[in-house]
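Worksheet: one structure, shown below.
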Amino acid sequence: MKKIKVLLMTCFALLTITSCFEDLDDNLIASADINDFVWKAMNAYYLYNDNVPDLFNDRFGINGIDNRYDKTEEYSDYLMSFSSPAELFAPLVFESLDPFSVIVPNYLDILNLQQGVSLSNGIEFKLFLIPGSQTEVFGAISLVLNNSVADNLGLQRGQIFRAVNGTNLTATNINSLLNQSSYTLNFADYDNNGTPETADDIITLNSLSADLSRVAYTENPVHRTEVLNVNGISIGYLMYNGFNNNFETSLNNAFAQFQSSGVQELVIDLRYNGGGVIQTAVHLGSMITGQFNGQIFSKLFYNDNQINQNRNYNFVNSLEDNTTINSLNLSKVYVLTSSSSASASELLINSLRSYIEVIHIGDNTAGKTQANKLVFDSPEFGGNGVNPNHTYALIPLIANSTNVNDELVPATGLVPNIELIETPSTFGTLGTLTEPLLAAAIADIISVDRPSNTNIEIQRLLEIKTPKLNSKLEGLMFVE
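Heads up: the sequence shown begins at -16 in the numbering used here, then just goes up one per residue.
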């Protein structure tokens, strides 16, 4: 992946995504040629290719690896029956097991996102139906990115909004209103009526607003670090929002701070971490521990066409540039999650559980154990020799990831030891003693008799999932 990034750097300025390709038109390229890439890449790499009859190696007498440039008349007719690459791609995905594989018309977008670069106004949020309504929607800011537009405006986690540009949010207009490059966010007050029930909660517009615009922004996933002293115990806290290998030095520096502060207990906050690079998860696991160098962290299993790529990832004591990893040698770690915690976040929990005690607090994770790969139209589907005539690429599921004991992350997600669901009225300030999830971890740390499998009941609001509103690579876990 690093090779393709280097090769393409001369081809575009930051976030002027189509600068080198603006004079190209996919209509000038035979649709069947791009479709040929789509089918052969899916045949070669797709994890569930043996569940999709049209991807069988003998379906057209063509194997995507052994016969990279071959065609038969039946195969050509098949490709020509689809009007676009996306139309061909859709039925090749085994939907019952795979909500994650995607086709992208411009791989430069993905390369930017992998480096943490996006167009962002600096807020991440959750959307909910207003109690008692099936259509009316309100939002709650869950995260304000450091040094972003929103941060500079003074916006805060936990702020409630009810409208955009003066128009109340509904289930039918949220995409059009919140996908705009610039808009005015109209805030509201949240009244829980002094009860734990959500049915009687009231959201009322107030006079506050903020003008937000998306600009080029690079996010350091090391969002916040704290060292807290509670009852004489030194507790490290890290909010980590993406397994991005471009910021591993920042991650390692955070652990250097924990080392120098004599951290005895550690809380890793992954509640908004949707995944990233597997090797970076290995590095984080090695920073938390350190005593398992060389032992198996996780395993990767490909389809039958790529079985020779099956591999193990081992705990390490240095980064890719040979920098020594700052390890805490812990035998226990606390991890905070939400339903947005996915892929590499789940891999970290699942892999560490085979070696140390992992106290999992929050909500069930997303339930995504498979690895992805950015697949290009090139002789070996990698970053060398990419076809210059179009910018299509695929991000299919390519392998299953397990821990050392061959255990997958369940499709239903990892179940917390202590269930505690975030609500808009109780978000709290991240990294503080009163923030509910961190407070639950601290209470467990200082408790003499720690309860197991504790459930803290909180009635849920009906959340609306809108992945199209996210600029991150949510739910994806990349093999480099």
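In this text, a Cβ means the ideal position worked out from N, Cα and C, and glycines have one as well.
In whole angstroms, give me the CA-to-CA distance for residue i and residue j.
i: E390; j: L335; result: 12 Å
i: Q142; j: S196; result: 18 Å
i: V316; j: H343; result: 9 Å
i: M460; j: N212; result: 35 Å
i: A424; j: R207; result: 17 Å
i: S323; j: G268; result: 20 Å
i: T263; j: S233; result: 12 Å
i: Q274; j: N312; result: 6 Å
i: T55; j: F43; result: 7 Å
i: E303; j: T153; result: 47 Å
i: N388; j: N333; result: 10 Å
i: F83; j: T150; result: 32 Å
i: E405; j: G414; result: 15 Å
i: E482; j: K356; result: Lying before the first or after the last residue shown, residue 482 is absent from the chain, which here runs from -16 to 463.
i: N295; j: V260; result: 15 Å
i: D92; j: S101; result: 8 Å
i: Q117; j: K448; result: 14 Å
i: E119; j: F108; result: 16 Å
i: L71; j: N95; result: 26 Å
i: A325; j: L319; result: 12 Å
i: E180; j: V147; result: 27 Å
i: Y90; j: V369; result: 11 Å
i: S337; j: S321; result: 22 Å
i: S59; j: K282; result: 38 Å
i: N104; j: A422; result: 29 Å
i: V341; j: N130; result: 32 Å
i: L38; j: A354; result: 19 Å
i: E231; j: S430; result: 33 Å
i: T155; j: E363; result: 43 Å
i: L136; j: I124; result: 14 Å
Look up residue i in the DSSP assignment and give the residues it is bridged to.
i: F170; result: F144
i: K282; result: N295 and T385
i: N212; result: S217
i: T201; result: V100
i: T187; result: D172
i: T153; result: E119
i: A193; result: L168
i: L380; result: N355
i: M270; result: M270 is not bridged to any residue.
With 7 Å as the threshold, decide whether the Cβ of residue i is near any Cβ in chain E.
i: G268; result: As a matter of chain content, chain E is missing from the structure shown, which is built from one protein chain.
Please list, in chain order, all residues of the same chain as residue i whose beta carbon is under 7 Å from its beta carbon, the five residues on each side excluded.
i: I186; result: I113, F121, I143, R145, A171 and Y173
i: N309; result: N235, F238, A239, Q242 and M270
i: S435; result: Because the pLDDT at S435 is just 49, under 50, the model does not fix this residue reliably, and the value given afterwards should be weighed accordingly. Excluding positions up to five away in sequence, the list reads N400.
i: E57; result: F43
i: I339; result: T272, L313, S314, K315 and V316
Give the DSSP-derived three-state secondary structure of residue i in the structure shown.
i: D304; result: coil
i: L136; result: helix
i: G259; result: strand
i: E231; result: helix
i: Y31; result: coil
i: E463; result: coil
i: S125; result: strand
i: K448; result: coil
i: F238; result: helix
i: V265; result: helix
i: L110; result: strand
i: V398; result: coil
i: V246; result: coil
i: L160; result: helix
i: I428; result: helix
i: F275; result: coil
i: F20; result: helix
i: N290; result: Per the sequence shown, residue 290 should be read as Ile rather than Asn. If DSSP states are grouped into helix, strand and coil, I290 belongs with the helices.
i: D37; result: helix
Excluding sequence positions up to five away, which residues of its chain have a Cβ less than 8 Å from the Cβ of residue i?
i: I17; result: D9, P68, D360, H373 and Y375
i: A73; result: none
i: T395; result: N347 and G350
i: Q98; result: K(-12), T201, N227 and N229
i: S301; result: T307 and I308
i: A327; result: F226, N256, G258, G259, V260, I261, T263, A264 and M460
i: N176; result: D183, D184 and I185
i: S217; result: V210, L211, S244, G245, V246, Q247 and E248
i: E78; result: none
i: D6; result: Residue confidence is low: D6 scores 39 on pLDDT, short of 50, so the model does not pin down where it sits. No coordinate-derived value is stated.
Looking only at its chain, what residues have a beta carbon closer than 6 Å to the beta carbon of residue i, apart from the 5 residues adjacent to it on each side?
i: N286; result: L30 and N32
i: N224; result: P204, H206, Y255 and N256
i: G277; result: N297
i: S165; result: S196
Contiguous beta strand (DSSP E) assignments of at least 3 residues, all confined to the stretch 52 to 95: 85 to 87
Runs of 4 residues minimum, wholly inside the stretch 294 to 376: which ones carry the alpha helix (DSSP H) assignment? 327 to 335
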